[in-house]
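First the structure, in the form of structure tokens, and then the observations on it.
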Amino acid sequence: MESIEARLKALGLQVPEPVAPVANYVPFIIAGSLLFVSGQLPMRDGQIAVTGKLGAGVTIAEAREACRIAFLNVLAQAKLACGGDLGRIARVVRLGGFIACTPDFTQHALAMNGASDLCVELFGEAGRHTRTTIGVASLPADATAEVEALFLVH
Amino acid sequence: MESIEARLKALGLQVPEPVAPVANYVPFIIAGSLLFVSGQLPMRDGQIAVTGKLGAGVTIAEAREACRIAFLNVLAQAKLACGGDLGRIARVVRLGGFIACTPDFTQHALAMNGASDLCVELFGEAGRHTRTTIGVASLPADATAEVEALFLVH
Amino acid sequence: MESIEARLKALGLQVPEPVAPVANYVPFIIAGSLLFVSGQLPMRDGQIAVTGKLGAGVTIAEAREACRIAFLNVLAQAKLACGGDLGRIARVVRLGGFIACTPDFTQHALAMNGASDLCVELFGEAGRHTRTTIGVASLPADATAEVEALFLVH
């Protein structure tokens, strides 16, 4: 089976440099066969690529891209956690999706699909995850989306 | 001990048909002895039964009912995950409760009790779960509540 | 190595009395080697010590203190779960931080550091946790912050 990195490349993407946490915590922990990745923002080239809120100027396409980029940052941390080998991921167990939006916004699922669709494109059946998506008042640094993840690794 | 389904019946309830995810993810994953269920909305007969926000028209009784229905949808997924046998659930480990409300709302716990009370009514001691309840700006499809769950299964 | 309680004392702190849940759930569950602690509010002496929202009157220093107190309440539950011995905690795996704020607030990380910094001060390397911090519309009882936790115990 083609590697995750080859699939990324075919999509014109690559695993970004992992972002160092902005505070006194770590980006990932492996506990037994569970790999926890801290909530990741849509960072690109050292800054938040998509800011603002759905319902207040941000389009669904932009929010979808925010989730996609946040998931790439999740992957960057997962790769680091796995000593550089994403092939150690046996299953994407859960994604948590946090979407910054106004109270009247209702299409959170479409935004979070930016992360979920990429996840399944890359990992195939092993990428079919559970997820919880909610709309939040605001996110750190005015990010449009934040994605956290739980993986099963071997 | 009486089965979960018999207890549901005694309450005039039944496990609904599991709702198919609206996007590229799955409603549950069993990883080892942990069963993760994706965030469920208060779906009944193919539509969201309770919409709107606490503090903006929705009553606590209605939000309590929203949490109760969302938990029934969690059960539907758990039953499917367990091959139809809810008796495989050894413990309800954690419920996450997301309550759509205005910023001035403070009684989230009362709403989420709709899920927690039913959980304990059905599972007894094994249903006594940890939980985290928060108020959110909005939820997918304008739902009033969303409930996610983690179970221990055997 | 100095005990957690000795370190707390050196900081002029102590583990508070564990707060009984306000509803039909439990404050902690140990499942295998995982200890789940329900979302804790910044309770002190039987009441919420810090209420209100960032961006609407609450300062970052106050919110930082709210997170710190909420984490002390997490510790209280963890101690009870461990039969009084915090030395059974092998690793702080994950903290979830929920910060009540207005939509325009962006410095959630600074608030949540109140919990994370204390965690690392107390547990050292074993206290370096993953975390997800989000801004929420409101929290139970108008609390400024809520912190949930996952520990690895032996």
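Just so you know, the sequences run in chain order A, B and C. Count the first sequence with the numbering used here and you get residues 2 to 155, in order. Count the second sequence with the numbering used here and you get residues 2 to 155, in order. Count the third sequence with the numbering used here and you get residues 2 to 155, in order. Note that the Cβ used here is the ideal one computed from N, Cα and C, for glycine as well.
Contact between the region 62–82 of chain B and the region 108–123 of chain B is present: three or more C-beta pairs spanning the two stretches fall below 8 Å. Of all residues in the region 114–129 of chain B, those with a C-beta nearer than 8 Å to a C-beta of chain C are Asn114, Ser117, Asp118, Cys120, Val121 and Arg129, reading in chain order. Apart from sequence neighbours up to five positions away, the residues of its chain that approach phenylalanine 72 of chain C with a beta-carbon distance below 7 Å are Ala116, Leu119, Cys120 and Val148, ordered along the chain.
Between the alpha carbons of threonine 60 of chain C and serine 139 of chain C lies a distance of about 16 Å.
The Cβ neighbour count for glutamate 63 of chain A, taken over all protein chains shown within 10 Å, is at least 16; the residue is labelled buried. The Cβ-Cβ distance between phenylalanine 152 of chain B and valine 94 of chain B falls below 8 Å.
Counting only the Cα atoms, valine 27 of chain B lies some 19 Å from valine 154 of chain A. A Cβ of chain B is located within less than 8 Å of the beta carbon of isoleucine 30 of chain C. Its chain contains Leu55, Gly56 and Gly136 as the residues whose beta carbon lies nearer than 7 Å to that of phenylalanine 106 of chain C, once the 5 sequence neighbours on both sides are disregarded; these appear in chain order. The Cβ of valine 23 of chain C sits closer than 8 Å to at least one Cβ of chain B.
Ranking C/Ala32, C/Val38, C/Thr52 and C/His130 by CA distance to the CA of alanine 142 of chain C puts C/Thr52 first. In this structure, alanine 50 of chain A lies away from alanine 101 of chain A, with their beta-carbon atoms at least 8 Å apart. Under the three-state reduction of DSSP, glutamine 78 of chain A is assigned to helix. Glutamine 15 of chain A and phenylalanine 37 of chain A have their C-alpha atoms roughly 21 Å apart.
A Cβ of chain C is located within less than 8 Å of the beta carbon of aspartate 105 of chain B. With the criterion set as a beta carbon lying under 8 Å from some beta carbon of chain C, the members of the region 128–142 of chain B are Arg129, His130, Thr131, Arg132, Thr133, Thr134, Ile135, Gly136, Val137 and Ala138, in sequence order.
In this structure, isoleucine 5 of chain C places its C-beta atom within 8 Å of the C-beta atom of phenylalanine 124 of chain C. Less than 8 Å divides the Cβ of glycine 40 of chain C from the Cβ of threonine 133 of chain B.
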